[in-house]
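Engineer: If you're matching them up, the sequences are chains U and Y in order. Counted the way full-length UniProt numbering counts, the first sequence spans residues 1 to 486. Counted the way full-length UniProt numbering counts, the second sequence spans residues 1 to 486. We put the beta carbon where it would ideally sit given N, CA and C, even for glycine.
2 protein chains.
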Amino acid sequence: MCVWAEGGRRYMVFEVFLKGTLFFPCEPDRGLVRVHELTPEKAGQLIWVRARIHTSRAKGKQCFLVLRQQQFNVQALVAVGERASKQMVKFAANINKESIVDVEAVVKKVEQTIESCSQQDVELHIERVGLSSALSDHTTDKQTDRHAHGGRTDGRATVNQDTRLDNRVIDLRTTTSQAIFRLQSGVCQLFRDTLTNKGFVEIQTPKIISAASEGGANVFTVSYFKTSAYLAQSPQLYKQMCICADFDKVFCVGPVFRAEDSNTHRHLTEFVGLDIELAFNYHYHEVIESITDTMVQIFKGLRDKFQTEIQTVGKQYPSEPFKFLEPTLRLEYSEGVAMLREAGVEMGDEEDLSTPNEKLLGRLVKEKYDTDFYVLDKYPLAVRPFYTMPDPNDKKYSNSYDMFMRGEEILSGAQRIHDAQLLTERAMHHNIDLEKIKSYIDSFRYGAPPHGGGGIGLERVCMLYLGLHNVRQTSMFPRDPKRLTP
Amino acid sequence: MCVWAEGGRRYMVFEVFLKGTLFFPCEPDRGLVRVHELTPEKAGQLIWVRARIHTSRAKGKQCFLVLRQQQFNVQALVAVGERASKQMVKFAANINKESIVDVEAVVKKVEQTIESCSQQDVELHIERVGLSSALSDHTTDKQTDRHAHGGRTDGRATVNQDTRLDNRVIDLRTTTSQAIFRLQSGVCQLFRDTLTNKGFVEIQTPKIISAASEGGANVFTVSYFKTSAYLAQSPQLYKQMCICADFDKVFCVGPVFRAEDSNTHRHLTEFVGLDIELAFNYHYHEVIESITDTMVQIFKGLRDKFQTEIQTVGKQYPSEPFKFLEPTLRLEYSEGVAMLREAGVEMGDEEDLSTPNEKLLGRLVKEKYDTDFYVLDKYPLAVRPFYTMPDPNDKKYSNSYDMFMRGEEILSGAQRIHDAQLLTERAMHHNIDLEKIKSYIDSFRYGAPPHGGGGIGLERVCMLYLGLHNVRQTSMFPRDPKRLTP
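1) Using the three-state DSSP reduction, which class does E350 (chain Y) fall into: helix, strand or coil?
2) Spatial neighbours of F477 (chain Y) within its chain, please: CB distance less than 7 Å, with the 5 preceding and 5 following residues excluded, ordered by chain position.
3) Given this structure, state the Cα-to-Cα distance separating Q473 (chain U) from M463 (chain U), to the nearest angstrom.
4) For the segment 27-60 of chain Y, list the beta strand (DSSP E) runs that are entirely contained and at least 3 residues long, ordered along the chain.
5) Taking the beta strand (DSSP E) that F251 (chain Y) belongs to, which residues open and close that run?
6) For G254 (chain Y), return the contacting residues in chain U, with the cut-off set at a CB-CB distance below 8 Å.
7) Which bits of chain U does L466 (chain Y) rub up against, with CB to CB less than 9 Å?
8) Kindly provide the ranges of any alpha helix (DSSP H) runs that are 4 or more residues long and lie completely inside the segment 54-106 of chain U, ordered along the chain.
9) Mind pulling the chain Y residues with CB within less than 8 Å of Q178 (chain U)?
10) Does the beta carbon of Q204 (chain U) come closer than 7 Å to any beta carbon on chain Y?
11) Mind listing which residues of the segment 91-111 of chain Y have their C-beta closer than 7 Å to chain U's C-betas, in chain order?
12) Could you tell me the distance, in whole angstroms, from the CA atom of Q240 (chain Y) to the CA atom of V256 (chain U)?
13) Spell out whether any CB of chain Y is found under 7 Å from the CB atom of A232 (chain U).
14) Using 8 Å as the Cβ pair cut-off and three pairs as the minimum, do the segment 30-38 of chain U and the segment 64-76 of chain U touch?
15) Might you give, ordered along the chain, the residues of its own chain that have their beta carbon closer than 6 Å to the beta carbon of L325 (chain Y), omitting 5 neighbours on each side?
16) Alpha carbon to alpha carbon, what distance is there between I114 (chain Y) and E351 (chain U)?
17) Which residues, in chain order, does the segment 445-456 of chain U contribute to contact with chain Y at a C-beta distance below 7 Å?
18) Would you check if the distance between the CB atom of V89 (chain Y) and the CB atom of C63 (chain Y) is smaller than 7 Å?
19) Based on the DSSP output, what are the partners of F271 (chain U) in its beta bridges?
20) So, does the CB of E41 (chain Y) fall closer than 7 Å to a CB anywhere in chain U?
21) Assess, as a yes-or-no matter, whether the segment 273-287 of chain U is touched by the segment 452-461 of chain U under the definition of 3 or more beta carbon pairs within less than 8 Å.
22) From G186 (chain Y) to L411 (chain Y), what distance separates their C-alpha atoms?
23) Under three-state DSSP, which class holds I243 (chain Y)?
24) Using only the alpha-carbon positions, how far apart do S228 (chain U) and D261 (chain Y) sit?
25) Taking the continuous alpha helix (DSSP H) assigned at E309 (chain Y), which residues delimit it?
26) If you compare alpha carbons, which of U:F373, U:S133, U:D377 is closest to E98 (chain U)?
27) For F373 (chain U), which residues in the same chain have their Cβ closer than 6 Å to its Cβ, ignoring the five residues on either side in sequence?
28) For D372 (chain Y), which of helix, strand or coil comes out of DSSP?
29) Against chain U, does D145 (chain Y) count as a neighbour if the rule is that its beta carbon must be under 7 Å from one of theirs?
30) Tell me, which residues are paired with M463 (chain Y) by DSSP?
31) Can you tell me which of the three DSSP states Q184 (chain Y) falls into?
32) Under the assumption that N399 (chain U) contacts A414 (chain U) (Cβ atoms under 8 Å), give the Cβ distance between them as a whole number of angstroms.
33) Looking only at its chain, what residues have a beta carbon closer than 7 Å to the beta carbon of E320 (chain Y), apart from the 5 residues adjacent to it on each side?
34) Answer yes if the segment 332-344 of chain Y comes into contact with the segment 297-304 of chain Y, meaning at least three C-beta pairs across the two stretches below 8 Å, and no otherwise.
35) Looking at the ligand PLP, does it come within less than 6 Å of D261 (chain U), judged from the CB to the closest heavy atom?
36) Do G362 (chain Y) and G407 (chain Y) have their CB atoms nearer than 7 Å?
Now the structure itself:
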C-alpha cells in the first residue's frame with residue numbers, strides 16, 4: 001500500500017474502490033463527518049467518515065464493522081447487493097483491525113438500540129471503502145487485539161498494567177484512556193483560567209538548576225557542559241523570587257523531578273506540578289482560600305463540562321462521584337489528631353501523619369462531613385521544611401497545610417518565611433549548610449512581601465477525582481525508578 | 001523590624017505610626033487600593049495602599065516619594081502639618097528605597113500632569129505610613145539603586161545585562177520587565193485558548209527520556225538511579241505517538257533542552273516550547289493553516305489586550321509595531337532563494353539558509369509584502385531531518401516549512417513520515433543507526449494517520465514581537481552554556 005502522493009490538493013494515500021477498481025485521486029474537498037456527529041438527524045445522507053476498524057465480523061454475504069474514532073464508535077455494514085460486490089465484502093472483512101479507513105456510506109436509523117456502540121441509534125451502510133493507513137500483517141494479532149480490545153468488544157482493556165504501558169500508543173486509543181487524558185487537559189485549563197481570572201500571572205521557571213535545594217537528597221544530577229547541575233524538585237524558589245520581584249500572584253504548570261526510589265501507586269520520578277504562590281495582605285488564610293477556591297472551580301468545571309469523560313471512565317473503573325463542600329472544609333491538625341485518637345490511633349501531637357493514618361482520617365472526615373476534599377491546617381513545625389513560617393501564637397505549630405482528595409495528599413503548602421534573618425535562624429535550627437542556600441536567603445534581602453503557596457500534583461488530582469488507584473493511569477508516559485520508556 | 005505576628009486576624013508585620021507611636025495590631029480588613037486604580041474619581045478619598053518606595057526626595061519640611069506597584073507608580077507627599085509631624089517626615093525620608101510600605105493617604109487631583117508617573121493626574125497626601133518589609137541598610141545602595149533604578153527615575157535599567165541577570169529579582173521589578181513577562185503570560189494563554197477552541201487536546205510529555213533521538217548530539221545526560229537517561233530535546237516523538245493514539249490534534253507547552261554550546265543572542269540551553277501536532281485530512285497545508293492562524297490570533301490578542309505592556313517596553317526599547325497579514329504570507333523556498341539571488345546573494349537550490357541570509361530575506365519580504373511574519377515552505381529535502389516527508393512531486397524538496405518573525409526563525413515544522421517502511425528507508429539514507437530509533441519507527445506500525453506539526457520558541461516569539469535583541473530579556477531565569485543562576 002502506497003503511503004503518500006501529494007501535489008496540487010490530491011489525496012495523500014491510495015484508496016481501493018471496492019467494486020474492483022482503484023479510484024485515485026479522489027475528491028480532496030469532500031467533508032469528513034466525525035463519528036460523534038452520526039445521529040438520526042443525518043439518516044438518509046451519504047457521508048464520508050475516516051475511522052479505525054475497531055472490530056470486524058464477516059457472516060455470509062455481509063460484514064459487520066465497528067468503526068472507532070477517539071471515545072466514539074458506530075456500527076457499519078458492507079453487504080453484497082446493488083452497491084457492493086462480493087469482492088468488496090471480502091476485502092472489507094480482510095482489513096486488519098486498527099487500520100484507518102475512509103468509508104462512504106449512507107446513514108440509517110436502526111430499529112433496535114445498538115448497546116455496544118456510542119452511536120446507538122444509527123448504523124452506516126457502506127458503499128465505498130478505502131484504506132487510509134494499514135497495519136502490517138505481523139503486528140495485528142500480536143499487539144492490537146490484546147491491547148486495544150483486550151478480548152472484549154467494548155474497548156476496555158483487561159491486560160495488565162506493564163503490558164499496557166509497554167504498548168502505550170495502543171493503550172491510549174481505548175475509550176477509557178481517551179477520556180482520562182481529555183479530562184486531564186480540562187484540569188489544566190480550569191486551573192489556569194481560574195487563576196488568570198483572579199489576576200495571577202503565569203510564569204516559566206527553569207528546570208536545570210545550579211544547586212540542589214534542601215540539602216540535595218532525591219535530586220537528579222545533569223551533566224552540564226564541563227560542570228554538573230540538577231533537575232528542579234519544585235519551582236518553589238523561583239515562584240518566591242517572582243513574589244520578591246513584585247509579580248504579586250503567580251502560577252506555573254510544568255514538570256517536577258524527584259529522584260526518590262519509591263515504587264508505590266502514587267509516586268512518579270517525573271510529574272506535572274500545578275504551582276501557586278501569592279503575596280497576601282493580612283493573613284495566610286487568604287492563600288488557603290485562593291487555592292481551595294481554585295480547586296472548587298476545577299471540581300465544578302469537571303462536573304459540568306466533562307460528564308461524558310467521567311461516565312466513560314466509570315464504566316471500566318466504577319467509583320463514587322467526587323464530593324466537595326463550598327467553602328472547603330478546613331480542619332486544624334490537632335483536630336485531625338483528635339479524630340484519629342477517637343478512632344483508636346495512638347500518636348503524638350507533633351508526629352507526622354503516616355499514609356495509613358492519612359487515609360483513615362480521609363474516611364473519618366468523609367463520614368462526618370460528607371466531603372472528599374478538605375484542608376488540614378497548622379501542621380507541627382517540627383515536620384515541615386525550614387522555610388515554613390512558625391505559628392506566632394504557638395511555636396509547636398506552623399502556618400502550613402496539606403490538602404487531601406479521597407484521603408490522599410494532593411498539595412503541600414505554607415506561608416513562607418520572607419525575612420532573611422528569621423530564615424537563617426530556622427535553617428541553622430535544621431542544621432542546613434547556610435552556604436548551600438545562600439542565594440535563596442539573599443532573595444529576601446531586598447524587601448519581600450508576606451506570601452505563601454503550594455504545589456499540586458496533576459496526576460494525583462486526576463487519579464483521585466476519577467477514583468482510580470494508580471497514578472500511572474493518569475500519566476501519559478509515566479516515569480518511575482523502573483520505567484523510562486516509551 | 002519584626003517580621004511576623006499572626007493569630008486571630010491580626011496584622012503580620014509591625015507598623016510604625018509616624019506621629020511617633022507604634023500602632024499594632026492594625027485593622028486587618030481595611031481594603032488595599034491598587035496603584036493603577038488611583039484616578040481622579042477617587043479624589044478626596046482616604047485610602048490605604050501597599051507599594052514599594054521607588055524614589056524618595058526630602059526637601060525642607062516635606063518629602064516626595066514615588067510609590068511603585070508592578071508597572072504602575074504614583075507620586076506621594078508627606079508634609080509637616082496638621083496630619084504629620086516633623087519626625088514623621090524625617091522617618092519617611094529615611095526609609096530605604098525598595099522597601100514595602102503601607103500608607104494611609106488622601107487622593108488629591110493635581111493641576112499639572114505628573115509626567116514621570118503612570119498615575120499622572122493624582123498624588124497621595126500621606127497621613128500614616130507603616131513599614132511592611134524593610135531592606136537592610138547594607139544592601140540598599142549597593143544593589144537596588146543600580147538595578148531597579150539604574151540612576152534614572154523612570155524605572156528603566158541602564159546597567160549591563162549580566163549584572164541585571166545576576167540580580168534578576170531586582171531587575172524583574174522594573175516596569176519593562178513587568179510588562180515583558182505579563183505579555184509572555186499572554187502569549188501562552190492566547191496560544192492555548194486558540195488551540196482549545198480548534199478542538200486540540202493539551203498533553204504532558206516526559207522530559208526524561210531513555211534514548212537520545214536523532215543520534216544523540218546536543219543532548220544533556222541525566223544520572224537515573226543505576227543507569228543514564230537524557231533530557232528531551234523536543235516533545236516531537238511524544239506528540240507523534242499521541243497522533244498515533246488517535247488524539248487527532250494535540251499541543252503542549254513545556255521546557256525543551258539543548259546541550260548546544262551556542263553563545264548567541266537567540267540560543268538558550270533551556271527554553272519553553274509551544275508545540276503543535278495534528279492529523280490532517282487531505283493536505284499538509286491544513287497543518288500550516290492551523291499554525292499560522294494560531295500565530296495570527298496571538299498577534300491580534302497581544303495588539304488588542306496588551307497595548308499597555310507593548311507601550312511600556314517601547315519606552316525603553318523603541319521598535320516598529322509588529323506587522324502581519326491575514327491570511328499569512330506563504331512563500332516557497334525556491335521563491336525565497338530567487339529573491340536573495342536578485343539581491344546579489346549566491347547560493348545553490350538545495351543549500352540551507354544562513355542566519356544572515358534569513359535576516360536579509362526577512363527585510364526583502366518586509367519591503368515587498370509589508371509583513372513581519374511569513375512562512376517559507378518546501379525546504380530542500382537534503383537540509384531537513386530524516387523523518388520529514390519528501391515532496392511527492394519533486395524529490396529535491398520536502399513538505400516542510402519554517403516560520404519567521406522580523407527575519408528570525410521562530411518555528412520549524414513538517415509533515416512527518418507516518419509509514420514505518422518509508423521512515424526506515426529515509427533513516428538508512430541518513431546513515432542513522434536503526435537500532436537507536438527502533439521504538440520511534442515501531443510507533444507507526446499500528447496504523448498512523450498522516451500528520452504534521454511544529455515547535456515554536458516562546459522566548460523568541462516574545463523577543464521578536466517586541467523588537468528586542470536578546471532572548472535573555474524574555475526568559476525569566478535564562479540558561480545558557482555560561483549561566484546556570486539564579
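Structural biologist: In short:
1) DSSP places E350 (chain Y) in coil when its eight states are reduced to three.
2) R168, P486
3) 7 Å
4) 46-59
5) 249-257
6) G254, P255
7) Those within 9 Å of L466 (chain Y) in chain U number zero; the least Cβ separation is about 16 Å.
8) Taken in chain order, the complete alpha helix (DSSP H) segments of 4 or more residues contained in the segment 54-106 of chain U are 86-94.
9) D246, F247
10) yes
11) Going along the segment 91-111 of chain Y in chain order, one finds E98, S99, I100 with a Cβ nearer than 7 Å to chain U.
12) 23 Å
13) no
14) yes
15) T371
16) 58 Å
17) R445, Y446, G447, A448, P449, P450
18) yes
19) U:V256
20) no
21) yes
22) 19 Å
23) helix
24) Their Cα atoms are separated by approximately 15 Å.
25) 307-316
26) U:S133
27) Cβ contact annotation for F373 (chain U) (same chain, cutoff 6 Å, sequence separation greater than five): F324, M405, in chain order.
28) coil
29) Because D145 (chain Y) carries a pLDDT of 46, less than 50, the predicted location of this residue cannot be relied on, and the following value inherits that uncertainty. D145 (chain Y) does not count as touching chain U.
30) Partner(s): none; M463 (chain Y) has no beta bridge.
31) Reduced to three states, the DSSP call for Q184 (chain Y) is helix.
32) 6 Å
33) Excluding sequence neighbours, E320 (chain Y) sits near G467.
34) no
35) As presented, the structure is devoid of all ligands, the ligand PLP included, so that no description of it is given.
36) In this structure, G407 (chain Y) lies closer than 7 Å to G362 (chain Y) by Cβ.
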